[in-house]
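As numbered in our numbering, the sequence shown has no gaps in its residue numbers, which increase by one up to the final residue, 130.
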Amino acid sequence: FWLKFGRIAWPSARGPQPPPAASKDMERPRHTIVLVQFSQNKNSRSYIDYESISQALDGICQLYEQGLKVMNPSLKNITYDISDLYNYVDNLGDLCCLVYNAQSNSYIPHNKEWIKARVFEHLKKQAIM
(Lines of atoms letter the chains of each structure in order from A and count residues from 1; the text may use other names and numbers.)
(Lines give C-alpha, C1' and ligand atoms only; values in the text may rest on other atoms or scores of the structure.)
Protein backbone atom coordinates (compact mmCIF):
# COMPACT_ATOMS: atom_id res chain seq x y z
CA PHE A 1 0.00 0.00 0.00
CA TRP A 2 0.99 3.62 -0.45
CA LEU A 3 1.33 5.84 2.61
CA LYS A 4 0.67 9.47 1.87
CA PHE A 5 1.57 12.25 4.24
CA GLY A 6 0.10 15.70 4.14
CA ARG A 7 -2.33 18.16 5.60
CA ILE A 8 -5.91 17.05 5.26
CA ALA A 9 -9.30 18.17 6.43
CA TRP A 10 -10.13 16.05 9.47
CA PRO A 11 -13.87 15.31 9.52
CA SER A 12 -15.55 14.27 12.69
CA ALA A 13 -16.63 10.65 12.36
CA ARG A 14 -18.16 10.48 15.80
CA GLY A 15 -21.65 11.52 14.75
CA PRO A 16 -24.52 9.22 13.88
CA GLN A 17 -23.51 6.26 11.79
CA PRO A 18 -25.51 4.49 9.12
CA PRO A 19 -26.79 1.01 9.94
CA PRO A 20 -24.16 -1.75 9.77
CA ALA A 21 -23.45 -2.87 6.25
CA ALA A 22 -23.88 -6.45 5.19
CA SER A 23 -20.75 -8.54 4.64
CA LYS A 24 -21.31 -8.44 0.89
CA ASP A 25 -20.95 -4.65 1.11
CA MET A 26 -17.25 -5.09 1.92
CA GLU A 27 -16.76 -7.19 -1.22
CA ARG A 28 -17.83 -4.44 -3.62
CA PRO A 29 -14.94 -2.17 -4.60
CA ARG A 30 -15.65 1.14 -2.91
CA HIS A 31 -12.85 3.64 -2.67
CA THR A 32 -11.95 4.05 1.01
CA ILE A 33 -9.75 6.62 2.68
CA VAL A 34 -8.33 5.80 6.11
CA LEU A 35 -7.63 8.89 8.22
CA VAL A 36 -5.32 8.16 11.12
CA GLN A 37 -3.82 10.24 13.90
CA PHE A 38 -1.14 8.13 15.53
CA SER A 39 -0.91 10.17 18.75
CA GLN A 40 -2.56 13.16 20.41
CA ASN A 41 -0.23 15.37 18.36
CA LYS A 42 -2.13 16.75 15.36
CA ASN A 43 1.10 16.59 13.35
CA SER A 44 0.84 12.78 13.46
CA ARG A 45 -2.16 12.85 11.11
CA SER A 46 -1.96 10.97 7.86
CA TYR A 47 -4.17 9.25 5.36
CA ILE A 48 -4.02 6.17 3.18
CA ASP A 49 -6.38 5.45 0.33
CA TYR A 50 -7.52 2.04 -0.87
CA GLU A 51 -9.62 0.72 -3.72
CA SER A 52 -11.96 -1.19 -1.39
CA ILE A 53 -13.14 -1.48 2.20
CA SER A 54 -11.50 -4.90 2.42
CA GLN A 55 -8.11 -3.50 1.40
CA ALA A 56 -8.51 -0.67 3.93
CA LEU A 57 -9.20 -3.17 6.72
CA ASP A 58 -6.10 -5.15 5.72
CA GLY A 59 -4.18 -1.87 5.77
CA ILE A 60 -5.32 -1.04 9.31
CA CYS A 61 -4.17 -4.50 10.46
CA GLN A 62 -0.83 -3.94 8.68
CA LEU A 63 -0.34 -0.63 10.49
CA TYR A 64 -0.72 -2.47 13.80
CA GLU A 65 1.58 -5.30 12.71
CA GLN A 66 4.25 -2.83 11.57
CA GLY A 67 4.05 -1.13 14.95
CA LEU A 68 4.52 -4.50 16.66
CA LYS A 69 7.60 -5.20 14.53
CA VAL A 70 9.11 -1.83 15.43
CA MET A 71 8.48 -2.42 19.15
CA ASN A 72 9.80 -6.01 18.99
CA PRO A 73 12.58 -6.04 16.37
CA SER A 74 14.24 -9.19 17.71
CA LEU A 75 11.13 -11.37 17.45
CA LYS A 76 10.69 -13.32 14.22
CA ASN A 77 7.07 -14.27 14.87
CA ILE A 78 4.58 -12.07 16.66
CA THR A 79 1.05 -13.16 17.46
CA TYR A 80 -1.87 -11.10 18.66
CA ASP A 81 -5.59 -11.51 19.14
CA ILE A 82 -8.52 -9.28 18.28
CA SER A 83 -8.51 -7.58 21.69
CA ASP A 84 -4.91 -6.44 21.10
CA LEU A 85 -5.94 -4.96 17.76
CA TYR A 86 -8.96 -3.29 19.37
CA ASN A 87 -6.68 -1.74 22.03
CA TYR A 88 -4.42 -0.40 19.28
CA VAL A 89 -7.40 1.18 17.50
CA ASP A 90 -8.77 2.62 20.76
CA ASN A 91 -5.39 4.13 21.67
CA LEU A 92 -4.83 5.90 18.37
CA GLY A 93 -5.34 9.65 18.56
CA ASP A 94 -8.08 9.25 15.94
CA LEU A 95 -9.07 6.83 13.23
CA CYS A 96 -11.88 6.89 10.71
CA CYS A 97 -12.72 5.53 7.28
CA LEU A 98 -14.31 7.57 4.53
CA VAL A 99 -16.13 5.15 2.23
CA TYR A 100 -17.29 6.30 -1.18
CA ASN A 101 -21.02 6.10 -1.83
CA ALA A 102 -21.73 6.21 -5.56
CA GLN A 103 -25.43 6.87 -5.03
CA SER A 104 -24.78 10.17 -3.24
CA ASN A 105 -21.40 10.78 -4.94
CA SER A 106 -19.89 11.46 -1.52
CA TYR A 107 -17.75 9.86 1.17
CA ILE A 108 -19.50 8.51 4.27
CA PRO A 109 -17.43 8.76 7.50
CA HIS A 110 -17.21 5.76 9.84
CA ASN A 111 -15.77 5.81 13.35
CA LYS A 112 -13.56 3.45 15.37
CA GLU A 113 -16.48 1.27 16.47
CA TRP A 114 -17.53 0.69 12.87
CA ILE A 115 -13.92 -0.10 11.95
CA LYS A 116 -13.53 -2.60 14.80
CA ALA A 117 -16.77 -4.37 13.83
CA ARG A 118 -15.70 -4.57 10.17
CA VAL A 119 -12.17 -5.73 11.04
CA PHE A 120 -13.66 -8.52 13.16
CA GLU A 121 -15.95 -9.62 10.28
CA HIS A 122 -13.07 -9.35 7.82
CA LEU A 123 -10.63 -11.43 9.90
CA LYS A 124 -13.31 -14.00 10.71
CA LYS A 125 -14.02 -14.38 7.00
CA GLN A 126 -10.30 -14.81 6.26
CA ALA A 127 -9.98 -17.46 8.99
CA ILE A 128 -12.78 -19.50 7.39
CA MET A 129 -11.20 -19.44 3.95
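Heads up, the beta-carbon is just placed ideally off N, CA and C, and yes, glycines get one too.
Relative to I61, the option among M130, P30 and I116 whose CA is nearest is I116. As computed with DSSP, D95 is found in a beta bridge with Q38. Contact between R119 and I79 does not hold, since the beta-carbon distance rounds to 23 Å and is not under 8 Å.
Annotation for I109: the continuous beta strand (DSSP E) segment containing it runs S107 to H111.
Cβ neighbours of Y108 within its own chain (closer than 6 Å, five residues either side excluded): L99 and Y101. In this structure, G94 lies away from S47, with their beta-carbon atoms at least 7 Å apart. Inclusion of L96 and K113 in the CB contact set at 7 Å is warranted, their separation being smaller than that value.
The Cβ atoms of P74 and E52 do not sit closer than 7 Å to each other.
Under the 10 Å beta carbon count, L64 is surrounded by 16 or more other beta carbons and is classified as buried.
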